[in-house]
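Okay, structure first, notes after.
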Amino acid sequence: MSNKQTNSKKPKAGTEHKNNRYFSQYMANPEKYKRINLAIQGGGAHGAFAWGVIDRLLEDGNIHFEGISGTSAGSMMAVVLAHGLLVGGREGARESLYHFWQDIAKSGALNNPCKQLPWEKFWFGMKMDQSVLYHAFNSFTNWFSPYQWNVNDYNPLKEVLLANVDFALLQQCPFTKLFLSATNVRTGQVKIFKTNEITPEATLASACLPNLFKAVEIDGEYYWDGGYSGNPSLFPFFYHVESNDIVIIHVNPLERPPPPETPAEIFNRINEISFNSALLREFRSIDFIHNLIDKGWIKDEFKDRFKYILLHSISADKALNDLSVASKYSSDWDFLYLLYNRGRAKTDEWLNRHYDKIGKQSSLNLNEKLVKNHHTKTD
Numbered sequence: 011m012s013n014k015q016t017n018s019k020k021p022k023a024g025t026e027h028k029n030n031r032y033f034s035q036y037m038a039n040p041e042k043y044k045r046i047n048l049a050i051q052g053g054g055a056h057g058a059f060a061w062g063v064i065d066r067l068l069e070d071g072n073i074h075f076e077g078i079s080g081t082s083a084g085s086m087m088a089v090v091l092a093h094g095l096l097v098g099g100r101e102g103a104r105e106s107l108y109h110f111w112q113d114i115a116k117s118g119a120l121n122n123p124c125k126q127l128p129w130e131k132f133w134f135g136m137k138m139d140q141s142v143l144y145h146a147f148n149s150f151t152n153w154f155s156p157y158q159w160n161v162n163d164y165n166p167l168k169e170v171l172l173a174n175v176d177f178a179l180l181q182q183c184p185f186t187k188l189f190l191s192a193t194n195v196r197t198g199q200v201k202i203f204k205t206n207e208i209t210p211e212a213t214l215a216s217a218c219l220p221n222l223f224k225a226v227e228i229d230g231e232y233y234w235d236g237g238y239s240g241n242p243s244l245f246p247f248f249y250h251v252e253s254n255d256i257v258i259i260h261v262n263p264l265e266r267p268p269p270p271e272t273p274a275e276i277f278n279r280i281n282e283i284s285f286n287s288a289l290l291r292e293f294r295s296i297d298f299i300h301n302l303i304d305k306g307w308i309k310d311e312f313k314d315r316f317k318y319i320l321l322h323s324i325s326a327d328k329a330l331n332d333l334s335v336a337s338k339y340s341s342d343w344d345f346l347y348l349l350y351n352r353g354r355a356k357t358d359e360w361l362n363r364h365y366d367k368i369g370k371q372s373s374l375n376l377n378e379k380l381v382k383n384h385h386t387k388t389d
């Protein structure tokens, strides 16, 4: 795809989907496809990395998404992806995601208070760490809440979503199961919005950063960004889909050596750790179940109640290691397209190494990379 912004026609919302060739081909010969569940982390503009990952998986042609779990920017891509598949198959989904990110860039050019000034882009490239407007806005939101400065609760992302997704049609989607995570402000618990519950408000609730937007009210409850409680949530895949494979798109790096030293580096790492913590807890739960099954600690009559999850990860640890939390606020098209290409390149590498493992074994080793100290005995 070209990195130039275009005005080419988008897939029409409400397009008849009963004869969708993509799903018809899958239903006629499901054994031909690698069936997976996709889990998309949130991360603001860094979500463009996930866009590249998804685009490359769609291009492969042999991977079928049974379920999609998303949080924040990942939720937005989940609904755009599912809607695109519904109205236009694989190519429709690729076009839908492309136009969605174009609209993000166009909207940001008008509404983003954190734009780089021209000379900043010249001197510092795509990095936002030295952006005067970013630091000014960050300081402003430390003093004033959206209940004071965004009294009308304007959210330009709602316009972008409505321009790209027919939510009434999406709610009736019989093919792709969606699970969007939001955080209940009152209880602190994760709320999962399933396919038939997904509205513009539910999607915005999943992406509601409390320093930018008022909490989103749905049925008398108020919600913030899902990253605080599930980024993204994996447990819906334990109960509501058949496939055992989960491919996680890691936008927030799990590892970042050496220890941060500057205030900006420290804040950035705190942000990454906070938005990975819920996912790591789910990893430990999966690892615990794996051990129960592998070591024969579950009675035969109960084994069928436990699902042996096969985990895979397409990670931005190295691909985005040169970026900080500041660039999550960027809406510059060149920057978004750069991350898109990084996501595609990382997925190429992952497919070459791990494609044959889908449906057979995990390519993510929890013991070695994530929970190596979890079972350590102490005196």
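In the numbering used here, each residue carries its 1-based index in the sequence shown increased by 10. Think of the CB as a built atom: it goes at the ideal place given N, C-alpha and C, for glycine as much as any other residue.
Cβ contact annotation for Val90 (same chain, cutoff 7 Å, sequence separation greater than five): Ser106, Leu107, Phe110, Asn174, Val175, in chain order.
By the C-beta density criterion, Pro246 is buried, having at least 16 other C-beta atoms within 10 angstroms.
Per DSSP, reduced to three states, the secondary structure at Gly77 is strand.
Where Phe134 is concerned, there is no enclosing beta strand (DSSP E), although the alpha helix (DSSP H) around it starts and stops at 128-134. For Arg45, the uninterrupted beta strand (DSSP E) segment begins and ends at 44-50.
Here Lys317 carries a coil assignment [DSSP, helix/strand/coil].
Of the candidates Trp307, Gly62, Asn262, Ile64, the residue whose Cα lies closest to the Cα of Val335 is Asn262. In this structure, DSSP gives Asn194 an extended state, which the three-state scheme calls strand.
Under the DSSP definition of a beta bridge, Val257 partners with Leu48, His322. Sequence-distant partners of Lys367 (beyond 5 residues in either direction) whose C-beta falls short of 7 Å from its own C-beta, in its chain, are Ser373. By the criterion of a C-beta distance shorter than 7 Å, Ser243 is surrounded in its chain by Ser79, Phe189, Ser191, Val200, Ile202, once the five residues flanking it on both sides are discounted. Rounded to the nearest angstrom, the Cβ distance from Arg66 to Arg363 is 14 Å, too far for a contact under 8 Å. The C-alpha of Asn286 lies about 11 Å from the C-alpha of Arg279.
Residues of the same chain with a CB within less than 7 Å of the CB of Tyr144, apart from the 5 flanking positions on each side, are Cys124, Met138, Ala336, Tyr339 in chain order. Contact between the region 85-101 and the region 301-310 is absent: fewer than 3 CB-CB pairs across the two stretches fall below 8 Å.
If you look at Lys201, you'll find it in the beta strand (DSSP E) that goes 200-204.
Straight across, the Cα-Cα distance linking Gln182 with Ala215 is about 20 Å.
Within the region 327-373, the complete alpha helix (DSSP H) segments at least 4 residues long are 343-364, listed from N- to C-terminus.
Runs of the beta strand (DSSP E) lying entirely within the region 215-261 and spanning at least 3 residues, in chain order: 226-228, 231-235, 255-260. For Pro184, no alpha helix (DSSP H) encloses it, and the DSSP letter there is neither H nor E. Following the DSSP letters along the chain, one finds Ile299 inside the alpha helix (DSSP H) bounded by residues 287-304. Per DSSP, Tyr164 is not a residue of any alpha helix (DSSP H), being assigned neither H nor E. Met87 is not a Cβ neighbour of Gly118, given a cutoff of 8 Å. If you look at Ala83, you'll find it in the alpha helix (DSSP H) that goes 83-121. Under DSSP, Leu188 takes part in a beta bridge, and its partners are Ile78.
At a Cβ-Cβ threshold of 8 Å, His260 and Ser325 count as neighbours. Taking a 10 Å sphere around the C-beta of Glu265, we find fewer than 16 other C-beta atoms and assign the residue as exposed. Under the three-pair Cβ rule at 8 Å, the region 223-238 does not count as touching the region 29-36.
DSSP places Asn39 outside both helix and strand once states are collapsed to three, so it counts as coil. With fewer than 16 other CB atoms across the displayed protein chains lying within 10 angstroms of its CB, Pro273 is exposed. Judged by DSSP secondary structure, Leu67 falls within the alpha helix (DSSP H) whose first and last residues are 57-70. Where Gln158 is concerned, the enclosing alpha helix (DSSP H) starts and stops at 156-159. The C-alpha of Gln112 lies about 25 Å from the C-alpha of Val257.
With respect to the 8 Å criterion, Leu172 and Pro210 are classified as neighbours on the basis of their beta carbons. Cβ neighbours of Lys317 within its own chain (closer than 7 Å, five residues either side excluded): Phe248, Asn254.
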